[in-house]
Amino acid sequence: MIKQETISRFRSAIENRHQYARQWKERTGGKVLGYFCCYFPEELAYAAGVLPVRIVSNHEPQELSNMHIPGFFCSFCRDALAEGLKGTYEYLDGIAMAHTCRQIAQAYESWLRHVPVDYHYYLPMPALADSDFFRPWVVEELGEFQGSLENWTGNKVSPSALENAIELYNTGRRHLMSLYEMRKAETPPISGGETMEVVLSSMFCDKVEHNQWLQNVLANISVGDPAQRRPRTRFMLVGGEDHDPELPHLIEAQGADIVIDDMCMGSRYFWNLVPDGKDPLAALATRYLEKPSCPVKDISATMDRARQKHLLNLARDYGVEGVIMVYQKFCDPQELDMPFLIQTFKEAGIPTCVLELETTLARGQVQTRVQAFLETIELE
Amino acid sequence: MTYQTKPLECFDLAKELRARHYRDVMSSNEEGRLLIAGGNSFPWELAAGLGEFESLQGEPWGGAIAAQPDLALACAEATDARGYGRDVCAYVRVFWGSMFLDRGPWGGFPKPAMAVALNHTHCGAQGKWFQTVAEHMGVPYFCIDYPRMLPSGPLLPESKVLQYVPYLVAQYERFIEWAESVTGREYDDEKLVSALLHKRRTQVLWGQVCELQQHVPAPLHLRTMLNLMMPKLLWGFRREAEDFYVQVLDEVKERVAQGIAALADERARFWFDFVPSYISLGALKYLDEFGAVLVGSLYTSSFGGGCLDDGTWGVVAPFEELGRAPQNRGEALRDIAYWDLKRDSRLNMYPLEYKIRCAFDFVRRWKCDGVILQLNRGEKGGCCGALETRLALRDAGIPCLVCEGSAADPRDMDPVQVKNSIESFMESLGLKQGSLS
Numbered sequence: 028m029i030k031q032e033t034i035s036r037f038r039s040a041i042e043n044r045h046q047y048a049r050q051w052k053e054r055t056g057g058k059v060l061g062y063f064c065c066y067f068p069e070e071l072a073y074a075a076g077v078l079p080v081r082i083v084s085n086h087e088p089q090e091l092s093n094m095h096i097p098g099f100f101c102s103f104c105r106d107a108l109a110e111g112l113k114g115t116y117e118y119l120d121g122i123a124m125a126h127t128c129r130q131i132a133q134a135y136e137s138w139l140r141h142v143p144v145d146y147h148y149y150l151p152m153p154a155l156a157d158s159d160f161f162r163p164w165v166v167e168e169l170g171e172f173q174g175s176l177e178n179w180t181g182n183k184v185s186p187s188a189l190e191n192a193i194e195l196y197n198t199g200r201r202h203l204m205s206l207y208e209m210r211k212a213e214t215p216p217i218s219g220g221e222t223m224e225v226v227l228s229s230m231f232c233d234k235v236e237h238n239q240w241l242q243n244v245l246a247n248i249s250v251g252d253p254a255q256r257r258p259r260t261r262f263m264l265v266g267g268e269d270h271d272p273e274l275p276h277l278i279e280a281q282g283a284d285i286v287i288d289d290m291c292m293g294s295r296y297f298w299n300l301v302p303d304g305k306d307p308l309a310a311l312a313t314r315y316l317e318k319p320s321c322p323v324k325d326i327s328a329t330m331d332r333a334r335q336k337h338l339l340n341l342a343r344d345y346g347v348e349g350v351i352m353v354y355q356k357f358c359d360p361q362e363l364d365m366p367f368l369i370q371t372f373k374e375a376g377i378p379t380c381v382l383e384l385e386t387t388l389a390r391g392q393v394q395t396r397v398q399a400f401l402e403t404i405e406l407e
Numbered sequence: 251m252t253y254q255t256k257p258l259e260c261f262d263l264a265k266e267l268r269a270r271h272y273r274d275v276m277s278s279n280e281e282g283r284l285l286i287a288g289g290n291s292f293p294w295e296l297a298a299g300l301g302e303f304e305s306l307q308g309e310p311w312g313g314a315i316a317a318q319p320d321l322a323l324a325c326a327e328a329t330d331a332r333g334y335g336r337d338v339c340a341y342v343r344v345f346w347g348s349m350f351l352d353r354g355p356w357g358g359f360p361k362p363a364m365a366v367a368l369n370h371t372h373c374g375a376q377g378k379w380f381q382t383v384a385e386h387m388g389v390p391y392f393c394i395d396y397p398r399m400l401p402s403g404p405l406l407p408e409s410k411v412l413q414y415v416p417y418l419v420a421q422y423e424r425f426i427e428w429a430e431s432v433t434g435r436e437y438d439d440e441k442l443v444s445a446l447l448h449k450r451r452t453q454v455l456w457g458q459v460c461e462l463q464q465h466v467p468a469p470l471h472l473r474t475m476l477n478l479m480m481p482k483l484l485w486g487f488r489r490e491a492e493d494f495y496v497q498v499l500d501e502v503k504e505r506v507a508q509g510i511a512a513l514a515d516e517r518a519r520f521w522f523d524f525v526p527s528y529i530s531l532g533a534l535k536y537l538d539e540f541g542a543v544l545v546g547s548l549y550t551s552s553f554g555g556g557c558l559d560d561g562t563w564g565v566v567a568p569f570e571e572l573g574r575a576p577q578n579r580g581e582a583l584r585d586i587a588y589w590d591l592k593r594d595s596r597l598n599m600y601p602l603e604y605k606i607r608c609a610f611d612f613v614r615r616w617k618c619d620g621v622i623l624q625l626n627r628g629e630k631g632g633c634c635g636a637l638e639t640r641l642a643l644r645d646a647g648i649p650c651l652v653c654e655g656s657a658a659d660p661r662d663m664d665p666v667q668v669k670n671s672i673e674s675f676m677e678s679l680g681l682k683q684g685s686l687s
């Protein structure tokens, strides 16, 4: 099992993320770049001596963004913009994003209009999952982005610097995969909530440091003796930009284990490695084109839905008994995908429960829904 | 001052052309014609190379459903019942509902032979919309990815546009190959070139109609323009569309020359952003009572032009001006890609800074007293940038009204509330009720 003092480091990294970034700047003299969405190729920024940090919301009610983004856009984009308008991210030297959904793009554009930054970059990224066809364009775009970073920072990104950054990020991904692998155990040594804290914190920290923390976790974690704890119902969490660890903690407090997820702030962030290759930009392009699709990108030129197959594989590999689908209210991409996925799981004999999220967590409602869901599964 | 008014002669022809289109759509299966379902933003001239076909386009079909509130409600509820969110675009929801129920404005839901989409990121639903149609109907599906770019400077450089021309051309080529295999038809490049020529001419003609709206008094209501636009939307790549817009332009020019107005007591002029949905038109008609006329919209203008490099809106350039029309498939595909990227019909997905610059240009050159912005619930792409545009206009002292509505779901449209907002807005501008029209 995992010790609380080990996990508290990750929790603390999330809570003190802004302070961490400020201190990193002071310590290194480097620039900090805020980014939206996990399609952003952090490796390139890191190779240019920049610390990429994920821009997230704060789960606090706010009205600041109401004048900029309609109320029927998802709370993530509205709340993330509010953090910018409040000045929470005043330490950012720039912001960037790779194209994903239109709502986050609106937050990005509003941010540029109202929050001063020295640098910004919007990276086109195809929506169709067809790696071979789109790779040349993505490679070209990555090359332009690299040039732009070099101009901004004055740091030349050498092939070896990029290869080192890729290796550093791949190491982090391997560590996280090892951690996820342990959750296949009958009694997982780390909870879904704790895992989310580990993954989320990696988006705010220097990977050199975070990888050391991860190594420490992996060295000190052991799969528990099933005899010491009764195995619990095994859930998969499927959703989008939901990054409140309170949610998985609350679900698990009802008597279940979240053993795997398909979330923007979870497995989709790190799941596949940058492959080996002579051309690091081509390898990077392959990684981002072939990563597990988010709903926005799960469209192919001729029908197949890659996400369906991926989720069914995860469910099988992790022995999933129920799926909790969470989505931000007003998140079109998730809402357009959900009925199809519910049907997919139904046909695979896996029950589903859908939870709608807003800025703050409706604890009582979630608790009741999850309890009822657990009861229906246990009755079967 | 009172202006002369008279009915627009080509209005009935527009209605007849639309009715004929849907008769053709509904009889396509019976009569063995190829029926293709897809989004309005798909470059339909590409399909013209396949020979005769009819298009079952999502947005106009959704608009036709919206015109029948009971049907719209039934369709929306059928989609709700399948678990789709209420806040997904209402056009998507009523279109799917129509398909699920096999009910439509003219009877049932005609089964398409294939579904196509341009996943153009302004409307993030497009790809999934027709993917779901294809899955439900059990027909083949093809999707084209349209790149989303934001300039690092104020405007997207020409080099960036040119960089993405091959991106689209390669996908168009893939579509042609796929469509040949699916339909068993041989692709005819001459038909493609001919369709493109007609499309460009209809775009130019329509753009010129939009420009004539700068005249005081405005020769057309925005609601009239929406009806006139239907042939352009449904099959703007056909010769008969071009012929129709020649007539429209002639008649509108004549109205301008004779000072014939849309509204007899035009006292104030307003711009509209973005899509004036069918179900909001009744409420918007209330403006007439204040002598206020909607002279154009970002949506209607986007089908005839786009934002130019200097940040103003301009009519799409005709081939005559460019010196040479496309002669073969390669040139035609490059042209489609170039203009789609450059300034064609996707003004609404332009970067925010373009949108704002264009809004100022519309207000200035169309001599508007203010702007009405409608936020259609669920239609996220169309609403992107609307509130930022409002802020920029407001800061420049240009009055704005924001009202909420829906593209097609009557449950999300409150005409009384919209009318109340209009009334307050008009009063704040010193406009009194009491129309002569």
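Here the protein sequences line up with chains A and B, keeping their order. Quick note on our numbering: the first sequence kicks off at 28 and runs consecutively. Quick note on our numbering: the second sequence kicks off at 251 and runs consecutively. Every residue, glycine too, gets a C-beta built ideally from N, C-alpha and C.
Pairwise C-alpha distance: residue 365 of chain A and residue 333 of chain B: 8 Å
Stretch pair the segment 382-389 of chain A + the segment 85-93 of chain A: three plus CB contacts closer than 8 Å: yes
Can you grab the Cα-Cα spacing for the pair residue 525 of chain B / residue 341 of chain B, in whole Å? 12 Å
Within 9 Å of any Cβ in chain B, is that where the Cβ of residue 155 of chain A sits? yes
What is the DSSP secondary structure of residue 650 of chain B, counted as helix, strand or coil? strand
Helix, strand or coil for residue 310 of chain B? Go by DSSP, reduced to three states. helix
Taking Cβ-Cβ distances below 8 Å as the criterion, which residues of the segment 159-182 of chain A are in contact with chain B? 160, 161, 164, 167 and 175
Rounded separation between residue 378 of chain A and residue 397 of chain A - CA only: 12 Å
Report yes if the C-beta distance between residue 441 of chain B and residue 298 of chain B is below 9 Å; otherwise report no. yes
Excluding the 5 residues flanking residue 549 of chain B on each side, which residues of the same chain have their C-beta closer than 6 Å to its C-beta? 524 and 525
Going by Cα to Cα distance, which pick from B:301, B:370 and B:289 is closest to residue 313 of chain B? B:289
Classify residue 215 of chain A as buried or exposed, calling it buried when 16 or more other Cβ atoms lie within 10 Å of its own Cβ. buried
Taking only runs of the beta strand (DSSP E) that begin and end inside the segment 598-626 of chain B, which ones reach a length of at least 3 residues, in chain order? 620-626
Against chain A, does residue 595 of chain B count as a neighbour if the rule is that its beta carbon must be under 9 Å from one of theirs? Per-residue confidence for residue 595 of chain B stands at a pLDDT of 44, beneath the threshold of 50, marking its modelled position as unreliable; the derived number appears in the next sentence. Chain A contact via Cβ: absent.
Kindly list the residues whose CB is nearer than 7 Å to the CB of residue 708 of chain B, restricted to its own chain and excluding five residues on each side of it in sequence; keep chain order. As displayed, chain B neither begins before 251 nor continues past 687, which places residue 708 of chain B out of reach and without an answer.
Just to confirm, are residue 411 of chain B and residue 467 of chain B a CB contact at a threshold of 9 Å? no
Within the 9 Å Cβ cut-off, does residue 66 of chain A reach chain B? no
Unbroken stretches of the beta strand (DSSP E), 3 residues or longer, contained in the segment 323-356 of chain A: 349-355
Which residues in chain A have a C-beta closer than 9 Å to the C-beta of residue 290 of chain B? List them in chain order. Here the premise fails: no neighbours, minimum Cβ distance about 17 Å.
Using a Cβ-Cβ cut-off of less than 9 Å, give me the residues of the segment 423-445 of chain B that come near chain A, in sequence order. 424, 425 and 428
Which of helix, strand or coil does DSSP assign to residue 369 of chain B? strand
Give me, in chain order, the residues of the same chain whose beta-carbon lies closer than 8 Å to that of residue 262 of chain B; leave out the 5 immediate sequence neighbours on both sides. none
Counting C-beta neighbours from all protein chains within 10 Å, is the total for residue 291 of chain B 16 or more, i.e. buried, or is it exposed? buried
Opening and closing residue of the alpha helix (DSSP H) in which residue 116 of chain A lies: Careful: residue 116 of chain A lies outside any alpha helix (DSSP H) and carries neither H nor E.
Using only CA atoms, which one of A:112, A:293 and A:285 lies nearest to residue 137 of chain A? A:112
According to the Cβ coordinates, are residue 103 of chain A and residue 224 of chain A closer than 9 Å? no
When the Cα of residue 414 of chain A is compared with those of A:363, A:82 and A:241, which residue comes out closest? Absent from the structure is residue 414 of chain A, since the part of chain A shown begins at 28 and ends at 407.
Would you check if the distance between the CB atom of residue 484 of chain B and the CB atom of residue 478 of chain B is smaller than 9 Å? no
Cα-Cα separation between residue 45 of chain A and residue 636 of chain B, rounded to whole angstroms: 31 Å
Enumerate in chain order the residues of its own chain whose CB-to-CB distance from residue 65 of chain A is below 7 Å, with the five nearest sequence positions on each side excluded. 291, 295 and 296
May I have the straight-line CA-CA distance separating residue 335 of chain A from residue 428 of chain B, to the nearest angstrom? 24 Å
Report the rounded CA-to-CA distance for residue 155 of chain A versus residue 432 of chain B, giving the unit in angstroms. 20 Å
Strictly under 9 Å for the Cβ-Cβ distance: is residue 99 of chain A near chain B by that measure? yes
At a CB-CB cut-off below 8 Å, which residues of chain A make contact with residue 637 of chain B? 94, 95, 96 and 97
Taking Cβ-Cβ distances below 7 Å as the criterion, which residues of the segment 327-361 of chain B are in contact with chain A? 332, 333, 334, 335, 337 and 338
Once DSSP output is grouped into helix, strand and coil, what is the label at residue 594 of chain B? With a pLDDT of 48 at residue 594 of chain B, under the threshold of 50, the predicted position of this residue should be treated as unreliable, though the coordinate-derived value follows. It is coil, neither helix nor strand.
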